[in-house]
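There are 2 protein chains.
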Amino acid sequence: MPAAPLIERLEVRPWRITPQRRAVAESLVGEHVHLSADEVFTRARAGFPEISRATVYNTLNELVAMGEVLEVRPPSGPVRYDPNGADRHHHLVCTGCGALFDVRPDGVEALRLTDSQRHGFRVDDVEVVFRGRCATCP
Amino acid sequence: MPAAPLIERLEVRPWRITPQRRAVAESLVGEHVHLSADEVFTRARAGFPEISRATVYNTLNELVAMGEVLEVRPPSGPVRYDPNGADRHHHLVCTGCGALFDVRPDGVEALRLTDSQRHGFRVDDVEVVFRGRCATCP
DNA sequence: GTATATGCAAAGCATTTGCATTAAA
DNA sequence: TTTAATGCAAATGCTTTGCATATAC
């Protein structure tokens, strides 16, 4: 079962909902959405024209810190923001054009580190990135 | 069987070996080495004091393009360079301090994308990142 | 000899910061 | 009323670029 929409999850948190923050959250709705901060800024201005870049960055960083949004670092270019941070999933990236999809591969639960590989870490999370070429990149 | 040392692999390529490039390659020897461009710059100056930052960046980018060195993008901070690009392996990252280790987890071969998950891609590579807290980060 | 690598300094881009102002609870 | 969010503009950090010079092959 997919988690509730981002904006609804935010309403039940101790976090001030301002028009700016609402506009940022609404920019991020949907499946397979992986916008850069600048794309979020452009979209957010549609809902709140006087929003500033600084506020977009502030808000995105807060959403990431809350675990509601996931940062994805593509092979090149700026960080992208994935609104399904609450839903465990992975990524498929084109090394040609940077196209990015969410995937839920089989076999993830089989991934294991041995004690000696763990280097004393407490492991919280596994992220899997499949790299390749999309249908239109040679 | 581990691959031959980086500098030896480079000698058999159609790639001019200059003192600067040699100094960069020699900065990258060893297991569990994940230096930033600036750390490479510092080390490379030990071998060739008049090397410039631009040359370090140029050289690292070429090594990445050749597949000899792997770029690793930590949760924050600059790109790091991993000399074992020729040896398939994965990473364990501390979300506190950024500490980074190579790992070879069990179960990677079980990772599978279904046709519908493949989105028309030709998948070349899978990278697994374990995230957690190292022994000294709370 | 010729193509290619280098160094320098300047430009580029993404992101963060300081601080006075404004608005949410 | 009080605490926190916003906007602006400047600063930062990392990386790339343009171009004249030097160098490996």
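Those sequence lines, one after another, are chains A and B.
Under my numbering, the letters of the first sequence match residues 1 to 138, in that order.
Under my numbering, the letters of the second sequence match residues 1001 to 1138, in that order.
Yeah, the Cβ is synthetic: ideal placement off N, Cα and C, and Gly gets one too.
| Check | Outcome |
| --- | --- |
| Interface partners of residue 133(A) on chain B, CB under 8 Å | 1121, 1122 and 1124 |
| Proximity of residue 1036(B) and residue 1078(B) at Cβ, strictly below 8 Å | yes |
| Partner residues on chain A for residue 990(B), Cβ-Cβ distance less than 9 Å | What is shown of chain B runs 1001 to 1138, which leaves residue 990(B) out entirely. |
| From 1130(B), 1119(B), 1051(B) and 1089(B), residue whose alpha carbon lies closest to that of residue 1099(B) | 1130(B) |
| Where residue 1035(B) falls: helix, strand or coil (DSSP) | strand |
| Classification of residue 1126(B) by the beta-carbon crowding that lies within 10 angstroms, buried from 16 upward | buried |
| Other residues of its chain near residue 82(A): CB distance less than 6 Å, five sequence neighbours each side excluded | 34, 70 and 72 |
| The alpha helix (DSSP H) enclosing residue 24(A), as first and last residue numbers | 19-27 |
| DSSP three-state assignment for residue 88(A), whether helix, strand or coil | coil |
| Any chain B beta carbon closer than 8 Å to residue 78(A) | no |
| Any C-beta of chain A under 8 Å from that of residue 1115(B) | no |
| Residue 1100(B) CB to nearest heavy atom of the ligand NAD below 7 Å | In the structure on display, the ligand NAD does not appear, and there are no ligands present to speak of. |
| Identity of the residue in 1076(B), 1102(B), 1134(B) and 1080(B) nearest residue 1088(B) by Cα | 1102(B) |
| Per-residue burial, residue 32(A) [other beta carbons within 10 Å of its own, 16 or more giving buried] | exposed |
| Buried versus exposed, by CB contacts within 10 Å (16 or more), residue 49(A) | exposed |
| Integer-rounded CB distance, given that residue 1111(B) should sit under 8 Å from residue 108(A) | 7 Å |
| Selection from 1092(B), 1122(B), 1052(B) and 1008(B) that minimises the alpha carbon distance to residue 96(A) | 1122(B) |
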